[in-house]
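This note's numbering puts the first residue of the sequence shown at 24, with every later residue one more than the last.
Built from N, CA and C at the ideal position, the CB exists for glycine as well.
Everything on this sheet refers to the single structure shown next.
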Amino acid sequence: MSTAFTPTPMPSSTPSSAPAAASAIPAAVSSPTPYRGFPLRQPALPPVSLSPDPESAELYGPVFGDTDVTPLDSDLTQQHRGTPIGERITVTGRLLDDRGRPIPHQLIELWQANAAGRYAHRGDQHDAPLDPNFTGTGRALTDAAGRYAFTTIKPGPYPLGTPDDAWRAAHLHFSLFGRAFTQRLVTQMYFEGDPLLAHDSVLHAAPTAAARRRLIATYAPGPLLPGRPSSLTYHWDIVLGGPAPTAAPA
Numbered sequence: 024m025s026t027a028f029t030p031t032p033m034p035s036s037t038p039s040s041a042p043a044a045a046s047a048i049p050a051a052v053s054s055p056t057p058y059r060g061f062p063l064r065q066p067a068l069p070p071v072s073l074s075p076d077p078e079s080a081e082l083y084g085p086v087f088g089d090t091d092v093t094p095l096d097s098d099l100t101q102q103h104r105g106t107p108i109g110e111r112i113t114v115t116g117r118l119l120d121d122r123g124r125p126i127p128h129q130l131i132e133l134w135q136a137n138a139a140g141r142y143a144h145r146g147d148q149h150d151a152p153l154d155p156n157f158t159g160t161g162r163a164l165t166d167a168a169g170r171y172a173f174t175t176i177k178p179g180p181y182p183l184g185t186p187d188d189a190w191r192a193a194h195l196h197f198s199l200f201g202r203a204f205t206q207r208l209v210t211q212m213y214f215e216g217d218p219l220l221a222h223d224s225v226l227h228a229a230p231t232a233a234a235r236r237r238l239i240a241t242y243a244p245g246p247l248l249p250g251r252p253s254s255l256t257y258h259w260d261i262v263l264g265g266p267a268p269t270a271a272p273a
């Protein structure tokens, strides 16, 4: 993708019950690489201090109702008349708190590039083609056990438009809301085995190898989910807060 537009990353979580193997990130990468993202996505103002009372943030945050979210929202392959182009995948997992307890009935939002590595956004000037049958946005509510599932198309990598011809690895953006609005996490999810993991500057903005591993989903073959089309399945648990959250890139 060119320097004209680089999407903003999304939320994070605690250690996955099925963490990505250490080999998911090539051993040759021993330290973070310099961040080469779009400068305008970096915060321009200092953080806002909230009242010591954690419930005070709830008075000013948005309110979400589960009647606004439908099953179609979490299947990005069924949102248009035609079938989108690309490799169909399903991403499943659980939303957990800092003690490993599931967080039920919470909103998870997703956005992504299409199979060619282009976002359906007017600011994206990457010369890859758009897909008229793929918008690249979805949302879901976790169930009573904190589980979620998205069926979508595996996104393609895209160039950053930097002088060294750096590319972003394939990734999904997530925004999550926990038990309190102050738990909201915006982060990115990657795919194990991607050769671009060793070179993705946003992934390596996460401070430690363990934090980077928590951003990588694992391939998890298994039976089809009820009501879902045939697809490759990836597992990714998300932990909000605590000593080992799903790392949000800096």
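Under the 8 Å Cβ criterion, the segment 143–151 does not count as touching the segment 201–221, having fewer than three qualifying pairs. Here DSSP, grouped into helix, strand and coil, assigns Gln135 to coil. In the DSSP annotation of this structure, Arg124 is not part of any alpha helix (DSSP H), being labelled neither H nor E.
If you keep only unbroken alpha helix (DSSP H) runs of at least 4 residues inside the segment 222–264, you get 232–236. Here Gly216 is exposed: its Cβ has fewer than 16 other Cβ atoms, across all protein chains shown, within 10 Å.
When the beta-carbon positions are compared, Ile176 and Tyr213 stay at least 8 Å from each other. The beta-carbon separation of Pro127 and Thr165, rounded to 6 Å, stays under the 8 Å limit for a contact. Contact between the segment 242–261 and the segment 220–232 is absent: fewer than three C-beta pairs spanning the two stretches fall below 8 Å. For a cut-off of 8 Å, the C-beta gap from Ile108 to Ala138 is around 6 Å, short enough to register as a contact. Going by C-alpha positions, Gln129 is about 17 Å away from Leu95. Ala221 and Trp190 have their C-alpha atoms roughly 11 Å apart. If you draw a straight line from the Cα of Leu118 to the Cα of Pro180, it is about 26 Å long. Spatial neighbours of Thr106 in its own chain (CB-CB distance under 8 Å, excluding positions within 5 residues in sequence) are listed in chain order as Thr100, Asn156. DSSP, read as helix, strand or coil, puts Pro69 in coil.
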